[in-house]
Amino acid sequence: MAATPWEGELPAALKQRFGDQISECSTYLGQNFAVVKAEAVIPILEFLKLEADFDYLVDITAVDYPNRTERFELFYILYSFARNERVRIKTAIADGYKPGTATAVHSVANWLEREVFDMFGVQFAGHPDMRRILMPEEWEGFPLRKDYSIIKQDDRWVKENLGIESGQ
Amino acid sequence: MPETTFLDSTELVLNMGPQHPSTHGVLRVILKLDGEKVMGTECVIGYLHRGVEKIGENRTYLQFAPYVDRMDYVAAVSNGLGYCLAVEKLLNIEAPPRAQVTRVILTELNRVASHLLWLGTHALDIGAITPVFYTFREREEVLKIFENYCGARLTTHAFRIGGLQYELYDGFEEQVKAFCDMFLPKVDEYEELLTNNRIWVNRLKGVGILNADECKEFGVTGPVLRAAGVSWDLRKAQPYSGYEQYDFEIPTAQNGDTYDRYGVRMREMRQSVRIIRQAVDKIPAGPIGKTPKVIKPPVGEAYVSIEAPKGELGYFIVSDNSTQPYRVRVRPPSFINLQALDRMVRGGLVADVVAIIGTIDIVLGEVDR
Numbered sequence: 391m392a393a394t395p396w397e398g399e400l401p402a403a404l405k406q407r408f409g410d411q412i413s414e415c416s417t418y419l420g421q422n423f424a425v426v427k428a429e430a431v432i433p434i435l436e437f438l439k440l441e442a443d444f445d446y447l448v449d450i451t452a453v454d455y456p457n458r459t460e461r462f463e464l465f466y467i468l469y470s471f472a473r474n475e476r477v478r479i480k481t482a483i484a485d486g487y488k489p490g491t492a493t494a495v496h497s498v499a500n501w502l503e504r505e506v507f508d509m510f511g512v513q514f515a516g517h518p519d520m521r522r523i524l525m526p527e528e529w530e531g532f533p534l535r536k537d538y539s540i541i542k543q544d545d546r547w548v549k550e551n552l553g554i555e556s557g558q
Numbered sequence: 010m011p012e013t014t015f016l017d018s019t020e021l022v023l024n025m026g027p028q029h030p031s032t033h034g035v036l037r038v039i040l041k042l043d044g045e046k047v048m049g050t051e052c053v054i055g056y057l058h059r060g061v062e063k064i065g066e067n068r069t070y071l072q073f074a075p076y077v078d079r080m081d082y083v084a085a086v087s088n089g090l091g092y093c094l095a096v097e098k099l100l101n102i103e104a105p106p107r108a109q110v111t112r113v114i115l116t117e118l119n120r121v122a123s124h125l126l127w128l129g130t131h132a133l134d135i136g137a138i139t140p141v142f143y144t145f146r147e148r149e150e151v152l153k154i155f156e157n158y159c160g161a162r163l164t165t166h167a168f169r170i171g172g173l174q175y176e177l178y179d180g181f182e183e184q185v186k187a188f189c190d191m192f193l194p195k196v197d198e199y200e201e202l203l204t205n206n207r208i209w210v211n212r213l214k215g216v217g218i219l220n221a222d223e224c225k226e227f228g229v230t231g232p233v234l235r236a237a238g239v240s241w242d243l244r245k246a247q248p249y250s251g252y253e254q255y256d257f258e259i260p261t262a263q264n265g266d267t268y269d270r271y272g273v274r275m276r277e278m279r280q281s282v283r284i285i286r287q288a289v290d291k292i293p294a295g296p297i298g299k300t301p302k303v304i305k306p307p308v309g310e311a312y313v314s315i316e317a318p319k320g321e322l323g324y325f326i327v328s329d330n331s332t333q334p335y336r337v338r339v340r341p342p343s344f345i346n347l348q349a350l351d352r353m354v355r356g357g358l359v360a361d362v363v364a365i366i367g368t369i370d371i372v373l374g375e376v377d378r
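Line by line, the protein sequences are chains X and V.
Taking the numbering used here, the leading residue of the first sequence gets 391, the next gets one more, and so forth.
Taking the numbering used here, the leading residue of the second sequence gets 10, the next gets one more, and so forth.
Here's what the structure looks like:
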């Protein structure tokens, strides 16, 4: 089963408003998503919140594709209480690109973006508190990147803080 | 008299945790205090981080299933259900009816067990020592059913992708029915102890208010959202596993304070029993489902979420048509609800922080993953 075009009022409104910043509106397994340019994400989140009632940002996450030039895919999952409907916004960014923060639109983005930074090293521009959240602050490396092996660790940190040669 | 004494100093930074009995695990909260008033907080988390999402990328779909039980370990059955549903969605298959009804019964029993653990520890935090003995007594009965069914009490791994691993044991229906009959009067007993207890009411009423708009802004779901007056439950809004066949209500309250969240969870336990009773009467005959020999979902991604005891528990899985998920993302309700702690305690008293941490109902295994 392949993705089919997502038709209806909402994708039409999005395309009319944001034009070629939206490259694809599709449905896969009954779930709607839009692929957009990275700089359009925050305006789209704002538009969806204010004009289409998507007032609940469910999750922000990333996926790493190390062989692509635009290495990371960012996902924003939205839900609307009024419509009982979910939408995913998907964008691709290169390593080092700093996407804008969604904290001004949805407060929940604060910790979610910190976790994406912690795990993937994607910095969000304008984030009020861009620090690691789950890993120790001095830890080096970003564990959910594909080139970070599952048994890899920050040896220096382990030695300094745990007093052992290796945690493995 | 010196012009300034230490009494004039305005702010005190107090460290709470990570080893603290009422933070429900290894949560560290840094409190900024002005006298007894909380000016701000910062949560330090990650002490229990085990890299569950990374492990998921390095295991096959089947191998990863037991790991998800270790996130919210007091509601392992819900974790397992969410994961199985997400993989089934990617495979575009559905569990047979007999498996679905069994899943509903076990998941609702787990919701009761999770709420009982919350009630006991929350009351203990606030100083009521008695309820924890009662709630653990009843929770034990639920765990016995799990043990009889799959051999494990906490990290059950009760379900498999595509259905169930085990057929129901002889006497399952009777044991579940007996539990339901025994349990409802016990809920009355807890309420007798607490609902109109003057100390309980004074400690909880008006404490840690989070209104509906703030809940939506912070992505807070579950009983916390419902106590703020939003009648939203994924079992009704986007039913899964056949929840649309059951007759039950979504308990809500209006004030969004700690007392309302207590009331909502108490009524949720009664509703769970209502669902279990309906389900256990109509377990259909038939197959319990078969796990596909090779699980290789087509390339694509899916987000599936369920109403876990603590809120919306979601799994976002990206498949690259191999036997291992390319990426597993868990949307943990505890982690996201905990972010609203600062908003709830700000301006309140330091003694209320403990009550508010308890009322969010977090499990650090799920916060840190």
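Ideal Cβ placement from N, Cα and C applies to all residues, glycine included.
>> Please list the terminal residues of the continuous beta strand (DSSP E) segment that includes Met25/V.
In response: For the purposes of this step, residue 25/V is identified with residue 16 of the second sequence, where counting begins at 1. Met25/V -> beta strand (DSSP E) spans 21-25.
> What are the start and end residues of each continuous beta strand (DSSP E) run of 3 or more residues lying completely inside the segment 398-445 of chain X, in chain order?
Replying inline: 412-418, 421-426
> Is it the case that the Cβ atoms of Val372/V and Val83/V are separated by a distance below 8 Å?
Replying inline: As a working mapping, residue 372/V is identified with position 363 in the second sequence. As a working mapping, residue 83/V is identified with position 74 in the second sequence. In this structure, Val83/V lies closer than 8 Å to Val372/V by Cβ.
>> With a threshold of 8 Å between beta carbons, is Lys305/V in contact with chain X?
In response: Start at 1 with the first residue of the second sequence, and residue 305/V comes out as number 296. For Lys305/V, the answer is no, since every Cβ of chain X falls outside 8 Å of its Cβ.
>> Against chain X, which members of the segment 225-248 of chain V pass a CB distance test of less than 9 Å?
In response: Lys225, Glu226, Phe227, Gly228, Val229, Thr230, Val239, Trp241, Ala246, Gln247
> How close, in whole Å, do the beta carbons of Ser250/V and Arg107/V come, if the pair is a contact with beta carbons under 8 Å?
Replying inline: For this step, residue 250/V is matched to residue 241 along the second sequence. For this step, residue 107/V is matched to residue 98 along the second sequence. Contact flag wrong, Cβ pair sits at about 12 Å.
> Is Thr451/X helix, strand or coil by DSSP?
Replying inline: For this step, residue 451/X is matched to residue 61 along the first sequence. Correct three-state label for Thr451/X: strand.
>> Going by C-alpha to C-alpha distance, which of Tyr175/V, Asp256/V, Arg59/V sits closest to Lys245/V?
In response: Taking the second sequence and counting its residues from 1, one reaches residue 245/V at position 236. When only C-alpha atoms are compared, the closest one is Asp256/V.
>> Closer than 7 Å between beta carbons: that is the criterion. Which residues of the segment 530-557 of chain X meet it against chain V?
In response: Pro533, Leu534, Ile540
>> Give me, in chain order, the residues of the same chain whose beta-carbon lies closer than 6 Å to that of Ala515/X; leave out the 5 immediate sequence neighbours on both sides.
In response: For the purposes of this step, residue 515/X is taken as residue 125 along the first sequence, with counting starting at 1. Counting only Cβ-Cβ distances below 6 Å, and skipping sequence neighbours, we find Lys488, Gly490.
> Looking at the structure shown, is Ile366/V part of a helix, part of a strand, or coil, going by DSSP?
Replying inline: In the second sequence, the residue the question calls residue 366/V occupies position 357. Looking at Ile366/V - three-state DSSP - the assignment turns out to be helix.
> How about Val512/X and Ala452/X: do their beta carbons lie closer than 8 Å?
Replying inline: The sequence position of residue 512/X within the first sequence is 122, counting from 1. The sequence position of residue 452/X within the first sequence is 62, counting from 1. Contact: yes.
>> If I follow the unbroken beta strand (DSSP E) through Lys41/V, where does it start and stop?
In response: If you number the second sequence from 1, residue 41/V lands on position 32. From DSSP, the beta strand (DSSP E) with Lys41/V extends over 37-43.
> Unbroken beta strand (DSSP E) runs of length 3 or more, entirely within the segment 453-536 of chain X: which are they?
Replying inline: 462-470, 475-483
> Does the Cβ-Cβ distance between Leu400/X and Val495/X come in under 8 Å?
Replying inline: As a position in the first sequence, residue 400/X is number 10, starting the count at 1. As a position in the first sequence, residue 495/X is number 105, starting the count at 1. No, these two residues do not count as a Cβ contact at 8 Å.
> Applying a beta-carbon distance threshold of less than 7 Å, which residues of chain V neighbour Gln421/X?
Replying inline: The count along the first sequence starts at 1 and reaches residue 421/X at position 31. Here the neighbours are Ala311, Tyr312.
> Nearest chain X C-beta to His58/V closer than 8 Å, yes or no?
Replying inline: As a first step, residue 58/V is located in the second sequence; it is residue number 49 there, counting from the start. Closer than 8 Å: yes.
> Who does Gly298/V pair with in a DSSP beta bridge?
Replying inline: On the second sequence, residue 298/V is found 289 positions in, with the first residue counted as 1. In DSSP, Gly298/V forms no bridge with anything.
> Tell me the DSSP bridge mates of Tyr324/V?
Replying inline: In the second sequence, counting from the first residue as 1, residue 324/V sits at position 315. DSSP lists Val313/V, Val339/V as partners of Tyr324/V.
>> Please report the straight-line C-alpha distance between Gly238/V and Cys224/V, rounded to a whole angstrom.
In response: Taking the second sequence and counting its residues from 1, one reaches residue 238/V at position 229. Taking the second sequence and counting its residues from 1, one reaches residue 224/V at position 215. Computed Cα separation, rounded: 10 Å.
>> Do Tyr70/V and Pro341/V have their beta-carbon atoms positioned less than 8 Å apart in this structure?
In response: For the purposes of this step, residue 341/V is taken as the residue at position 332 of the second sequence. For the purposes of this step, residue 70/V is taken as the residue at position 61 of the second sequence. In this structure, Tyr70/V does not lie closer than 8 Å to Pro341/V by Cβ.
> Do the segment 147-154 of chain V and the segment 187-201 of chain V make contact, defined as three or more Cβ pairs closer than 8 Å?
Replying inline: yes
>> Tell me the rounded alpha-carbon separation between Gln247/V and Gly26/V.
In response: Locating residue 247/V in the second sequence gives position 238, counting from the first residue. Locating residue 26/V in the second sequence gives position 17, counting from the first residue. Spanning the two alpha carbons is a distance of roughly 38 Å.
>> For Gly49/V, list the residues DSSP reports as bridge partners.
In response: Here the question's residue 49/V lines up with position 40 in the second sequence. Looking at the DSSP assignment, Gly49/V forms a beta bridge with Lys41/V.
> Which residues in chain V sit within 7 Å of Val506/X, going by Cβ to Cβ distance?
Replying inline: By one-based count along the first sequence, residue 506/X stands at place 116. None at all; the shortest Cβ gap to chain V is about 10 Å.
>> According to DSSP, simplified to helix, strand and coil, what is Phe168/V?
In response: Residue numbering aside, residue 168/V sits at position 159 when the second sequence is read from its first letter. Here Phe168/V sits in strand by DSSP.
> Which residues share a DSSP beta bridge with Leu173/V?
Replying inline: Here the question's residue 173/V lines up with position 164 in the second sequence. Paired residue(s): Phe168/V.
>> Within 10 Å of its beta-carbon, does Ser413/X have 16 or more other beta-carbons around it, so buried, or fewer, so exposed?
In response: For this step, residue 413/X is matched to residue 23 along the first sequence. By the 10 Å Cβ count, Ser413/X comes out exposed.
> With contact counted as at least three CB pairs below 8 Å, one residue from each stretch, are the segment 273-287 of chain V and the segment 177-189 of chain V in contact?
Replying inline: yes
> Would you say the segment 311-325 of chain V touches the segment 225-233 of chain V, given that touching needs at least three Cβ pairs under 8 Å?
Replying inline: yes
> Taking the alpha-carbon positions, what's the Gly272/V to Pro433/X distance?
Replying inline: Reading the second sequence from its first residue, position 263 is the one you call residue 272/V. Reading the first sequence from its first residue, position 43 is the one you call residue 433/X. Spanning the two alpha carbons is a distance of roughly 40 Å.
>> I need the DSSP call for Pro395/X, collapsed to helix, strand or coil.
In response: As a working note, residue 395/X is residue 5 in the first sequence. Of the three classes helix, strand and coil, the one that applies to Pro395/X here is strand, per DSSP.
> Can you pull the DSSP bridge partners for Leu358/V?
Replying inline: Residue numbering aside, residue 358/V sits at position 349 when the second sequence is read from its first letter. Looking at the DSSP assignment, Leu358/V forms a beta bridge with Lys46/V.
> Given Asp134/V, which residues of its chain have a CB within under 6 Å of its CB, disregarding the five upstream and five downstream residues?
Replying inline: Working through the second sequence from its first residue, we reach residue 134/V at position 125. Ser31, Val363, Gly367.
>> Can you look up Ser123/V in the DSSP assignment and give me helix, strand or coil?
In response: To locate residue 123/V, count along the second sequence from 1; it is residue 114. Helix at Ser123/V.
> So is Phe344/V in contact with chain X if we call contact Cβ pairs under 8 Å?
Replying inline: Against the second sequence, residue 344/V aligns to sequence position 335. By this cut-off, Phe344/V is an interface position.
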